[in-house]
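Number of protein chains: 2
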Amino acid sequence: METKQRRPTGRPRGFDADEALERALLVFWEQGYEGASLANLTDAMGISTTSMYATFGNKEELFRKALERYTEGPSAYLARALDEPTALGVATAIFAGTVRTTTRPTGPHGCLGVQGALATGDSSRGARDLLVAWRDSGYSRIRERFERAVDDGDLPPEANPALLARYVTALAYGIAVQAASGVSRDELQDMADAALRTWPPC
Amino acid sequence: METKQRRPTGRPRGFDADEALERALLVFWEQGYEGASLANLTDAMGISTTSMYATFGNKEELFRKALERYTEGPSAYLARALDEPTALGVATAIFAGTVRTTTRPTGPHGCLGVQGALATGDSSRGARDLLVAWRDSGYSRIRERFERAVDDGDLPPEANPALLARYVTALAYGIAVQAASGVSRDELQDMADAALRTWPPC
DNA sequence: ACCCTTCCGCAGCGATCGATGCAGAACGTG
DNA sequence: CACGTTCTGCATCGATCGCTGCGGAAGGGT
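Sequences listed follow chains A and B, in order. Residues in the first sequence are numbered from 1 upward in steps of one, following the numbering used here. Residues in the second sequence are numbered from 1001 upward in steps of one, following the numbering used here.
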């Protein structure tokens, strides 16, 4: 089975699809799904609308792929944070990663998963629902990690993993909103450090 | 001085401007500034675009007035919260008000000041900047209230009012984001209650 | 060198965006 | 009732929205 050779050859692509997607990600990140027009996107990607549609499908598909890239790139700190040995370590790493990613000196401020499509019109409900699912997935993974921490005896038996996960995600989203408003990295990190001093909050 | 009689008479308005503004507020709240089209707005307001422009100026002005109405209506809990006698009472009231306002059984979920225009295209930068200023104003008022709490001896002298205000606003924005995702009122209130059990976080 | 396949530039699609001009309707005032 | 003033309904503006058809350009396989 030669499933490897899918493309029966032809004119090769004149641009780097990965780099184009990275550019699109930055536009979505900064302007949101609705605020990013096709002209904005293709200009930043350096390709024509024809190439964009041929390569990525349509605007919503492009957004979906940009979100995947975001998850595996700027937002990869979440997966790493879940590997920390303690619940406190997990929370600490999540906050540190959130602060760093939402306040990069170069690049958009805030979190794509929050500001990409928080409230939208009907025509953008697909992107909005996608981000709702994305945020819910992050919450669920944190909650499961805290459930394991209770099982491990790392967190006390009376701890509420779901509630703790809501707390961590809420603070992370709050950091993201403030970063989008222009609040500095140091100020947000100091706030996160203070919050962690009373961990766990119950 | 007869400044009272400004209008030299004429055909009276055929609709209630206050109610129309309330309807517009709900649309902006649910769909965001960019997601709310003129057609969406005027349909909900029950008036023509001509009447809208004659009465409110343009879309950005309408948004500005809707935000004012939001501040004095759904978001009025903030001003009341600042009158609480203690910093803990202030934080408690802010969280309770945020949870209640962002999860109203009837009406949009989330906070207009957050999801109204968090990340936008160039053409909506006016609305975006307006909300940045709105959020910053809320933060500043809370910070000043906490400074007073330190002066009063309510908060310990080593407390950091700016940091505490960042914490409260972050958690409130996080609640708003989760409410926009559909998280229930009870779950968010339980989380806020847990966070308040370790007040102040430093 | 030929052919087949894929990609790209150009132009333009219908729809919707925010915003207006205009003429007549509807009122308070004299 | 006539007038002056304001508001409203209709039609439409140019611009932009996301998206696509088409024909030629540019490659790889044989």
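Here a beta-carbon is modelled for each residue, glycine too, at the ideal position from N, C-alpha and C.
*Should residue 143 of chain A be flagged as near chain B, meaning a C-beta pair shorter than 8 Å?*
no
**Message:** With a threshold of 8 Å between beta-carbons, can residue 1030 of chain B be considered close to chain A, or not?
**Reply:** By this cut-off, residue 1030 of chain B is an interface position.
### Message
I need the DSSP call for residue 40 of chain A, collapsed to helix, strand or coil.
### Response
helix
CA nearest to the CA of residue 101 of chain A, picked from A:148, A:117, A:78 and A:83: A:78
query: Which of helix, strand or coil does DSSP assign to residue 136 of chain A?
result: helix
State the Cα-Cα distance for the pair residue 1098 of chain B and residue 1172 of chain B, rounded to the nearest angstrom.
-> As the crow flies, the alpha-carbon of residue 1098 of chain B is around 6 Å from that of residue 1172 of chain B.
TODO: Assign residue 1004 of chain B to buried or exposed, taking buried as 16 or more other Cβ atoms, counted over all protein chains shown, within 10 Å of its Cβ.
DONE: Confidence is the limiting factor: at residue 1004 of chain B the pLDDT is only 40, short of 50, which leaves the residue's position unreliable and the question unanswerable from this model.
*So which residues on chain A does residue 1069 of chain B lean against when the C-beta distance must stay under 8 Å?*
Simply none; closest approach about 17 Å.
* Asked: Distance, Cα to Cα, residue 106 of chain A vs residue 1012 of chain B?
  -> 54 Å
Residue 1182 of chain B versus chain A: which residues are under 9 Å apart at the beta carbon? 132 and 136
message: Assess contact between the stretch 1043-1058 of chain B and the stretch 1122-1131 of chain B, defined as three or more Cβ pairs (one per stretch) separated by less than 8 Å. Is contact present?
response: no
Q. Is the stretch 1018-1037 of chain B touching the stretch 1110-1130 of chain B in the sense that three or more CB pairs, one from each, lie closer than 8 Å?
A. With a cut-off of 8 Å, the stretch 1018-1037 of chain B and the stretch 1110-1130 of chain B count as touching, because enough Cβ pairs lie within range.
- request: Write down every uninterrupted run of the alpha helix (DSSP H) in the stretch 50-90 of chain A whose length is 4 residues or greater and which is fully enclosed by it, in chain order.
  value: Assignment of alpha helix (DSSP H) within the stretch 50-90 of chain A, counting only whole runs of 4 or more residues, yields 59-72 and 77-81 in chain order.
Exercise for the section: Tell me where the alpha helix (DSSP H) around residue 1161 of chain B begins and ends. Expected result: 1161-1180
Query raised in the report: Nearest-angstrom Cα distance between residue 16 of chain A and residue 29 of chain A?
Result: 20 Å
Q) Is residue 181 of chain A buried or exposed, if buried means 16 or more other CB atoms sit within 10 Å of its CB? A) buried
Count the CB pairs spanning the stretch 1133-1144 of chain B and the stretch 1158-1178 of chain B that are closer than 8 Å, and state whether there are at least three. yes
Step through the CB atoms of chain B and report whether any lies within less than 8 Å of the CB of residue 177 of chain A. yes
Limits of the unbroken alpha helix (DSSP H) element including residue 28 of chain A: 17-35
Item checked: Proximal residues of chain A, C-beta to C-beta of residue 1191 of chain B below 7 Å -> 163, 166, 167 and 170
Should residue 1103 of chain B go down as buried or exposed, given a rule of 16 or more other Cβ atoms within 10 Å for buried? buried
Exposed or buried, what is residue 1186 of chain B when buried is set at 16 or more other beta-carbons lying within 10 Å of its beta-carbon? exposed
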